Structure formats: structure tokens, C-alpha cells
Amino acid sequence: MKKKNKWILPRHNVITGLAYYILGPYVRWKYKVDIQRIPKKEMRQYLIVMNHQTAFDQFFIGMTFPGAIYYLASEDIFSLGWLSKLLRFAVAPIPIKKQTMDVQAVLNCIRIAREGGTIALAPEGNRTYSGHTGYIKPSIVSLVRKLKLPLALFRIEGGYGVSPRWSDVVRCGKMRAYVARIVEPEEYARMDDDALFEIIRQTLYVNEASADGEFVHKRSAEYLERMVYTCPKCGLASWKSQGERCKCLTCGTEVRYLSTKEIVGVNCEFPYRFAADWYEAQCDFVNQLDLTPYTQTPMFCDKVNVSDVILYKKKKKLFKDAKMCMYGDRITITSGTTEMVFPYDSTSAVTVLGRNKLNIYSDDKVYQIKGCEKGFNALKYVNIYHHANNLREGSVNEQFLGL
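Under my numbering, the residues of the sequence shown are numbered 1 to 403, in order.
Structure follows, in C-alpha cells:
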């Protein structure tokens, strides 16, 4: 029987140490982040569980804990050709299929834990769009119990103000990243699952919907339309941003995004004070939306580029400048005489990655969609897909819209 190669290798510690000294000063300068580093003498094996606010969250963890850390990462980063090979060689992240309960990812975590490695993950599975810590699956408790490691709950605050998911720019402001609590295996062994889950949920919950600091950039509202697709006046709508303003293309309502994270109307009284208020109202709107009128007429159409994702290998471009439309019961992609149809009831998953990439999982195929416009909103496709499935299945968790 062939012996398995070790996941944990000495080079991971060396590369991690070099990255800390080379990238650490840049990250601190770029994000103005206060990081409370754990002394080496207190370092041991952990399961690190964090809330997810910025694209650099894993660097904050790496700057807090000395030594190599093995991160659960979306399968998307493993389909980048030579770059994926480099990442595997350097830090050996743990691939996880974002849209499923990935048994192999759990087995890999158990393997790394047995080899003495520290594992880190974001149980939200998604970086927050709104500034609120997102939905956490209760299944995180099962993983904690399987690994039997000290549980380090890592909290990031101010990251949404500095770098909202929908934005391309990092604002001048302050943020903090630190270990909020460590729960020892003997401690959580005495808890029931509900109690342990509540500790994880409450410790990681951050609400950035408050005017608690200044986060300054002259393009503060740019690409807010990646998050919003409803208008308080006209319902489903498309928005366009420029600088610190964003405008509804249907009715002309215009807002400013302030350095305090507040939103104010330019030509009207606007009912939402923060992006989180708008996001929650948008979810409420979708959860009450009758999809029947949209089975013949599309809700939205976008110009997109489409790739076939060959998992853990590469991406192959299929269509350029295709037309993608979202209906009440399906998504269609048309390029020339070719049409691809993804009925919601036979599509296994629709997910958003990064700021605004869209993955559609159909049978054994994965398609990745990028908008031709930088302000492309992938979130609406995820939300409507989940709403349609919730209605069809009578889901007990019918308010959950995918993030």
C-alpha cells in the first residue's frame, strides 16, 4: 500500500516566516491594522475560526500566529494554472468546494490536525457585503469536535470600513485584528452543541453599521452597485456609481457614501442610514418577491464573459461578451446561436466569489461568469436562485439567500 506524503512540510514554516517579514510592514501600512501578535512561547496547535471582512484577513492571522497555518480556501484558487501550483508548494491551502458539504475537506483537516498543524477558516464561507458577520452554518461545531484542537476565535473589526467587499479601493481608516477568546477542548467537551455554536456565533459577530470612525477615500461609493440591486422607490433596479455618489438608473434617486460609512440622499430623503440597512431591506424585498411574472420577462440582463472551470487545474474561456439573463425560474446565457439554460430546480448551486465573480454549478460542470462592466452585480443571481429554491422546497430556513 502506497504511503501518503505528509501535508505539513518544513518549507511551509520558512515561507510563512519570510512572508511575515516582507509583507507584514506593507499590510500594516495599507490597512492601518492593529494586530496583537501571540508570543512564540504561547504558540501551539489551534483551530482558528474568524469572521471575514477583507481580502487580506488570512494575512492578519499569519501576522498574529507564528509558524505555518493551513487555510481552508475556495476551489477557485486551485484552478489558476501555475499560480495554483505555486500556492500549493508555498503554503498548501486546503481546498473546499464552496457550494457543498465537502467531506474531503474535513478529512484533510483531520489529517493536518494529526500531523500537528494549525488550521484556519472563516465559517461564514463568504466575505461580508453588508458589514454584519454573515450566516454561520451550525456544522462548524461538528468540525470543532472532530479536530479536538484548542479553538481560537479570531475577531476582525473595522475591516468593512477600510475595505468593503464591493469596493476596489482601501480607505484611510483604522481596524483591529485579535484573538477574542480561546476555548480549550476540555471546556467545549462539557458543552452541548447549541452552547458551543452560540459562543462561536456571538464572539465572531461584528456589526459595522455604526458611525464609529472615519474611513476616507475620494471614491468611497465606487461599485456600491455590486451589492445593491433594489431601490426604495422603484423596487428592482440598476445603479451606477462614480466617486462618492451612486445613482438609480430607473428613477434617478442619488445617494452619497460618507467617510463615516453613512449613506445620505442627494436629491431625496433616503430611508437607509448604512449599507447594512439597505442590504437587509433588499433581502426582505427578495424574500417577499413573487417570481411568477418573471418567468417570461427577465428581471435583469448583463453582458458577461464565461469560462469553463476545470476544477483544480485551469479555466477555459467559452464566451466573450455573452448575454446573461435572470428569470424567475432560470438563468440563461446566450452567445450567437448558442444558448445555455440553467433551471434553478436542476442547478446544484449558484455562488459569488471575490467581489463579483459568479459560479454556476450544473451537473458535473462549473461555469464562472465575470461581468464585462466592473460594476457587475453577481449577488442578485445568488439571492434570486436561493429565493426560488426556498419557495419551491418550502425551506424551514426560507429567509437565507445564499450569504
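Don't be surprised by glycine CBs; every beta carbon is placed ideally from N, CA and C. Values in this document were obtained by computation on a predicted structure and should not be read as measured data.
Within 8 Å, strictly: CB atoms of residue i and residue j
i	j	result
residue 266	residue 258	no
residue 402	residue 385	yes
residue 304	residue 324	yes
residue 319	residue 306	yes
residue 241	residue 222	yes
residue 136	residue 123	yes
residue 366	residue 311	yes
residue 68	residue 95	no
residue 233	residue 251	yes
residue 387	residue 286	yes
residue 33	residue 121	no
residue 183	residue 51	no
residue 379	residue 226	yes
residue 391	residue 291	yes
residue 376	residue 321	no
residue 170	residue 31	yes
residue 358	residue 299	no
residue 416	residue 173	Because the chain is modelled from 1 through 403, residue 416 falls outside the range shown and cannot be assessed.
residue 12	residue 92	yes
For residue j and residue i, the rounded distance between their alpha carbons
i	j	result
residue 1	residue 118	At residue 1 the pLDDT is 48, less than 50, meaning the model places this residue with poor confidence; the figure from the coordinates comes in the next sentence. Cα to Cα, residue 1 sits roughly 28 Å from residue 118.
residue 90	residue 381	35 Å
residue 56	residue 38	19 Å
residue 356	residue 166	8 Å
residue 61	residue 328	41 Å
residue 337	residue 313	29 Å
residue 374	residue 394	35 Å
residue 315	residue 76	9 Å
residue 230	residue 168	21 Å
residue 332	residue 354	22 Å
residue 125	residue 7	23 Å
residue 127	residue 164	9 Å
residue 398	residue 389	9 Å
residue 282	residue 253	16 Å
residue 146	residue 20	30 Å
residue 85	residue 275	38 Å
residue 41	residue 80	37 Å
residue 45	residue 197	21 Å
residue 288	residue 103	34 Å
Integer-rounded CB distance, given that residue j should sit under 8 Å from residue i
i	j	result
residue 27	residue 59	5 Å
residue 215	residue 161	4 Å
residue 238	residue 224	Not really, about 12 Å apart at Cβ, beyond 8 Å.
residue 260	residue 211	4 Å
residue 35	residue 63	5 Å
residue 335	residue 347	Their Cβ separation, rounded to whole angstroms, is 19 Å, which puts residue 335 and residue 347 out of contact at 8 Å.
residue 15	residue 70	Residue 15 to residue 70, Cβ: 13 Å. No contact.
With 16 other Cβ atoms within 10 Å as the buried cut-off, status of residue i
i	result
residue 345	exposed
residue 43	exposed
residue 293	exposed
residue 82	exposed
residue 138	exposed
residue 423	One cannot answer for residue 423 here, as it falls past the ends of the chain, which runs 1 to 403.
residue 418	Given a span of 1 to 403 for the chain in the structure shown, any question on residue 418 remains unanswerable.
residue 209	buried
residue 271	exposed
residue 278	buried
residue 352	buried
residue 18	exposed
residue 54	buried
residue 114	exposed
residue 107	exposed
I'd like to know if the segment 150-162 and the segment 171-186 are in contact, where contact means that at least 3 CB-CB pairs between them fall below 8 Å. Yes, they touch.
Say whether the segment 333-345 touches the segment 141-156, bearing in mind that this needs 3 or more beta-carbon pairs closer than 8 Å, one atom from each stretch. They do not touch, by the three-pair rule.
Three CB pairs or more closer than 8 Å across the segment 191-200 and the segment 133-145: Three or more beta-carbon pairs drawn from the segment 191-200 and the segment 133-145 are found closer than 8 Å, and the two stretches are therefore classed as touching.
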